[in-house]
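Participant:
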Amino acid sequence: MSADLHEKTNRYEQMLADALGEAVQAVPEETHLGHAAADCLEMAESYLDDGRHFKDADDWVNALASFSYGYGWLDAGVRMGLFDIPDDSHLFTM
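For reference, each letter of the sequence shown is one residue, going 6 to 99 in this note's numbering.
In C-alpha coordinates form, the structure reads like this:
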(Lines of atoms letter the chains of each structure in order from A and count residues from 1; the text may use other names and numbers.)
(Lines give C-alpha, C1' and ligand atoms only; values in the text may rest on other atoms or scores of the structure.)
Protein backbone atom coordinates (compact mmCIF):
# COMPACT_ATOMS: atom_id res chain seq x y z
CA MET A 1 0.00 0.00 0.00
CA SER A 2 2.75 2.50 0.81
CA ALA A 3 4.04 2.35 -2.77
CA ASP A 4 0.61 3.43 -4.01
CA LEU A 5 0.50 6.22 -1.43
CA HIS A 6 3.95 7.42 -2.44
CA GLU A 7 3.11 7.35 -6.16
CA LYS A 8 -0.17 9.21 -5.67
CA THR A 9 1.41 11.77 -3.35
CA ASN A 10 4.21 12.49 -5.82
CA ARG A 11 1.70 12.72 -8.67
CA TYR A 12 -0.52 15.19 -6.77
CA GLU A 13 2.50 17.28 -5.78
CA GLN A 14 3.54 17.59 -9.42
CA MET A 15 -0.04 18.24 -10.52
CA LEU A 16 -0.41 21.12 -8.02
CA ALA A 17 2.97 22.59 -8.96
CA ASP A 18 2.08 22.40 -12.67
CA ALA A 19 -1.35 23.93 -12.05
CA LEU A 20 0.21 26.83 -10.16
CA GLY A 21 2.42 27.40 -13.19
CA GLU A 22 -0.54 27.47 -15.58
CA ALA A 23 -3.09 29.59 -13.72
CA VAL A 24 -2.96 33.31 -14.45
CA GLN A 25 -5.06 35.77 -12.50
CA ALA A 26 -7.97 36.91 -14.69
CA VAL A 27 -9.46 39.63 -12.50
CA PRO A 28 -8.06 43.06 -11.55
CA GLU A 29 -5.91 42.91 -8.42
CA GLU A 30 -7.51 45.91 -6.68
CA THR A 31 -11.05 44.47 -6.79
CA HIS A 32 -12.85 42.18 -4.39
CA LEU A 33 -12.43 39.33 -6.86
CA GLY A 34 -8.75 40.19 -7.18
CA HIS A 35 -8.37 39.75 -3.43
CA ALA A 36 -10.24 36.45 -3.64
CA ALA A 37 -7.88 35.28 -6.40
CA ALA A 38 -4.88 36.26 -4.29
CA ASP A 39 -6.33 34.29 -1.36
CA CYS A 40 -6.85 31.20 -3.53
CA LEU A 41 -3.33 31.45 -4.88
CA GLU A 42 -1.86 31.94 -1.41
CA MET A 43 -3.74 28.93 -0.08
CA ALA A 44 -2.64 26.73 -2.98
CA GLU A 45 0.99 27.79 -2.58
CA SER A 46 0.84 27.31 1.19
CA TYR A 47 -0.59 23.82 0.85
CA LEU A 48 2.14 22.97 -1.66
CA ASP A 49 4.77 24.11 0.85
CA ASP A 50 3.02 22.26 3.69
CA GLY A 51 2.78 19.08 1.63
CA ARG A 52 6.48 19.21 0.85
CA HIS A 53 7.23 19.69 4.55
CA PHE A 54 5.09 16.66 5.44
CA LYS A 55 6.70 14.60 2.68
CA ASP A 56 10.18 15.51 3.93
CA ALA A 57 9.06 14.41 7.40
CA ASP A 58 7.93 11.05 5.91
CA ASP A 59 4.27 11.88 6.67
CA TRP A 60 2.84 10.81 3.35
CA VAL A 61 -0.84 10.88 4.36
CA ASN A 62 -0.75 14.53 5.41
CA ALA A 63 1.41 15.38 2.39
CA LEU A 64 -1.22 13.93 0.06
CA ALA A 65 -3.99 15.75 1.93
CA SER A 66 -2.11 19.04 1.65
CA PHE A 67 -1.48 18.67 -2.07
CA SER A 68 -5.12 17.72 -2.60
CA TYR A 69 -6.45 20.70 -0.63
CA GLY A 70 -4.11 23.08 -2.44
CA TYR A 71 -5.26 21.78 -5.79
CA GLY A 72 -8.88 22.14 -4.68
CA TRP A 73 -8.36 25.82 -3.85
CA LEU A 74 -6.81 26.50 -7.23
CA ASP A 75 -9.35 24.47 -9.17
CA ALA A 76 -12.20 26.30 -7.41
CA GLY A 77 -10.63 29.63 -8.39
CA VAL A 78 -10.45 28.52 -12.01
CA ARG A 79 -14.08 27.38 -11.99
CA MET A 80 -15.15 30.75 -10.52
CA GLY A 81 -13.32 32.62 -13.29
CA LEU A 82 -10.63 34.08 -11.04
CA PHE A 83 -7.87 32.52 -13.16
CA ASP A 84 -7.30 31.95 -16.85
CA ILE A 85 -5.79 28.68 -17.98
CA PRO A 86 -4.52 27.45 -21.35
CA ASP A 87 -7.25 26.03 -23.59
CA ASP A 88 -5.41 22.72 -23.89
CA SER A 89 -4.85 22.29 -20.15
CA HIS A 90 -5.58 18.83 -18.79
CA LEU A 91 -5.14 19.95 -15.18
CA PHE A 92 -8.51 21.59 -14.56
CA THR A 93 -12.16 20.57 -14.80
CA MET A 94 -13.27 23.24 -17.25
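Virtual Cβ for every residue (Gly too), placed ideally from N, Cα, C.
1) Are the stretch 19-38 and the stretch 84-91 touching by the rule of at least three beta carbon pairs closer than 8 Å?
2) Report, in whole angstroms, the separation of the C-beta atoms of TYR17 and SER73, which I expect to be a contact under 8 Å.
3) Express the C-alpha separation of ASP23 and ALA70 in angstroms, rounding to a whole number.
4) Just to confirm, are LEU79 and LEU21 a CB contact at a threshold of 9 Å?
5) What do you get for THR36, buried or exposed, if any count of 16 or more other CB atoms within 10 angstroms of its CB means buried?
6) Can you look up VAL66 in the DSSP assignment and give me helix, strand or coil?
7) Opposite ASP89 in the DSSP bridges: which residues?
8) Could you tell me the boundaries of the alpha helix (DSSP H) in which GLU47 lies?
9) Let me know the secondary structure DSSP gives GLU34 once reduced to three states.
Facilitator: Quick look at the numbers:
1) Under the 8 Å Cβ criterion, the stretch 19-38 counts as touching the stretch 84-91, having at least three qualifying pairs.
2) Between SER73 and TYR17 the Cβ distance is about 6 Å, and since that is below 8 Å, they are a contact.
3) Counting only the Cα atoms, ASP23 lies some 17 Å from ALA70.
4) Yes.
5) THR36 is exposed by the Cβ-count criterion.
6) Collapsing the DSSP output to three states places VAL66 in a helix.
7) DSSP output for ASP89 lists VAL29 as bridge partner(s).
8) DSSP places GLU47 in the uninterrupted alpha helix (DSSP H) bounded by 37-61.
9) Reduced to three states, the DSSP call for GLU34 is coil.
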